[in-house]
Structure formats: structure tokens, C-alpha cells
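Visitor: Numbering (our numbering), first residue to last: 49 to 221.
Where is the CB? At the ideal position from N, CA and C, for every residue including glycine.
Given the structure is predicted, the values throughout are model-derived calculations rather than measurements.
1. So residue 142 and residue 160 are in contact, right, with Cβ under 8 angstroms, and what is the actual spacing, rounded?
2. Would DSSP call residue 74 helix, strand or coil?
3. What's the gap between the Cα of residue 213 and the Cα of residue 204?
4. Along the chain, which unbroken stretches of the alpha helix (DSSP H) at least 4 residues long are found entirely within the region 110 to 185?
5. What is the rounded straight-line gap between the Cα of residue 88 and the Cα of residue 200?
6. Go ahead and pull the three-state DSSP assignment for residue 202.
7. Are residue 118 and residue 145 touching if we call contact CB-CB under 8 angstroms?
8. Would you call residue 64 buried or exposed, if buried means 16 or more other Cβ atoms sit within 10 Å of its Cβ?
9. Applying the 10 Å Cβ sphere with the 16-neighbour rule, what's the burial state of residue 179?
10. Given a cut-off of 8 angstroms on the beta-carbon distance, is the pair residue 195 and residue 125 in contact?
11. Spatial neighbours of residue 210 within its chain, please: C-beta separation below 8 angstroms, excluding the five flanking residues on both sides.
12. Taking three-plus beta-carbon pairs below 8 angstroms as touching, is the region 180 to 192 in contact with the region 100 to 108?
13. Measuring CA to CA, which of 93, 77, 134 is closest to residue 170?
14. With residue 192 as the anchor, note down where its beta strand (DSSP E) starts and where it stops.
15. Assuming residue 113 contacts residue 149 (C-beta within less than 8 angstroms), just tell me the rounded distance between them.
16. Measure the beta-carbon distance from residue 77 to residue 175 and round it to whole angstroms, keeping in mind my assumption that it falls under 8 angstroms.
17. Output the distance between the C-alpha atoms of residue 206 and residue 216, rounded to the nearest integer angstrom.
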């Protein structure tokens, strides 16, 4: 029984020592990905494309709204002269116009999100590749993103790799 107990204690000590040795080999880093993306020149051109696209969508929505308002004002001014059948037809037409405008706006929002994802994808992929390259070149075990607001704590021993990644991407600002 004593031999078994001794073997268990020795095994536990070796396991703990092995865990401590392994833990010392970990190298942790962190980066604020939002700050990195904001500093990338590629993001500026992507943002410019998105602004142009947004302006186009807003102009189309405005055009639909102006057309609806014009027909609505026309209806308000002339509704007293309309027969019941014509009034119902005009009201139905206005409701359908309003419905189409709402559907267009919803489709435009979804389309904007799709275009935004497509436009930002190369920028995000470039940032991701640079982060991985820096992490691998500097033998990091883990890189944590502090830009998402999810990481609650990181030690001073964790290395901020933002300057290294910016250097890798050729960003001087």
C-alpha cells in the first residue's frame, strides 16, 4: 500500500512539474483588431466605395419617397372629388406604393450589408494574414483580440503585437 501511495505522489509531482514546464513555453500576445483595421489604407478605399454605394441607395429611397409624397398630396387635394370606387383604388395604390418603398428599403439594407462584407473581406483577410505571419514568426502560442470587447483581462506579460503587425503591413501611422 505504501508503494502505491509513494508511486501516486511521485507521479503527481512529475505531472505538476511537467505542466509547469509546458506552461512556461506558452507565449501570449494581444492585438486590437479594430485599431489595426482603422489604420489600414485599404480600409479607406473600401469605406469610400461603401459611401458611394450608400449615396446611391439613399438617392433611390429618396426618389421613392418623393414620388409617394407627390401622389399622396395629389390624393389629399382631390379626394373630395373622387367617387368611392376611385378613392378606394387611389388608397390601395398609395398603400401598395408605401409597401414597395418599405420592401425596397429592407432589401437595400440587406444588400448594403452584403456589399459591406464583400468590400471589407479583402481588408480583413490581409489583416488576418499579417497577424498570423507575425504570430508564427515570433513563436506566439495564442493571440487574443482586445478590440472586440470580450477579453476581460490580459496580463502585462502578454505582448501587444499591433506595432509588429503594422510594420508587417507597412503602416507607419
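Guide: Here's the rundown:
1. Along the chain shown, one-based indexing puts residue 142 at 94. Along the chain shown, one-based indexing puts residue 160 at 112. Going by Cβ atoms, the distance from residue 142 to residue 160 rounds to 27 angstroms, so no, they are not a contact pair.
2. Here the question's residue 74 lines up with position 26 in the chain shown. The answer is coil: DSSP assigns residue 74 none of H, G, I, E or B.
3. Numbered from 1 along the chain shown, position 165 holds the residue referred to as residue 213. Numbered from 1 along the chain shown, position 156 holds the residue referred to as residue 204. The straight-line gap from Cα to Cα measures roughly 19 angstroms.
4. 132 to 185
5. Within the chain shown, numbered from 1, the residue matching residue 88 stands at position 40. Within the chain shown, numbered from 1, the residue matching residue 200 stands at position 152. When rounded, the distance between both Cα atoms is 26 angstroms.
6. As a position in the chain shown, residue 202 is number 154, starting the count at 1. The answer is coil: DSSP assigns residue 202 none of H, G, I, E or B.
7. Your numbering for residue 118 matches position 70 in the chain shown. Your numbering for residue 145 matches position 97 in the chain shown. Going by C-beta atoms, residue 118 is not nearer than 8 angstroms to residue 145.
8. For the purposes of this step, residue 64 is identified with residue 16 of the chain shown, where counting begins at 1. At residue 64 the pLDDT is 46, less than 50, meaning the model places this residue with poor confidence; the figure from the coordinates comes in the next sentence. It counts as exposed.
9. To locate residue 179, count along the chain shown from 1; it is residue 131. By the 10 Å Cβ count, residue 179 comes out buried.
10. Here residue 195 refers to the residue found at position 147 when the chain shown is read from its first residue. Here residue 125 refers to the residue found at position 77 when the chain shown is read from its first residue. Result no, Cβ atoms of residue 195 and residue 125 do not sit closer than 8 angstroms.
11. Here residue 210 refers to the residue found at position 162 of the chain shown. The answer, listed in chain order, is 79, 80, 83, 84.
12. no
13. One-based indexing of the chain shown puts residue 170 at position 122. Taking only the C-alpha atoms, the option nearest residue 170 is 93.
14. By one-based count along the chain shown, residue 192 stands at place 144. Note, residue 192: beta strand (DSSP E), 190 to 193.
15. Counted from its first residue, the chain shown places residue 113 at position 65. Counted from its first residue, the chain shown places residue 149 at position 101. The Cβ separation is near 7 angstroms, so the contact holds.
16. In the chain shown, counting from the first residue as 1, residue 77 sits at position 29. In the chain shown, counting from the first residue as 1, residue 175 sits at position 127. Not confirmed; about 15 angstroms, so no contact.
17. Numbered from its first residue, the chain shown carries residue 206 at position 158. Numbered from its first residue, the chain shown carries residue 216 at position 168. One C-alpha to the other measures close to 19 angstroms.
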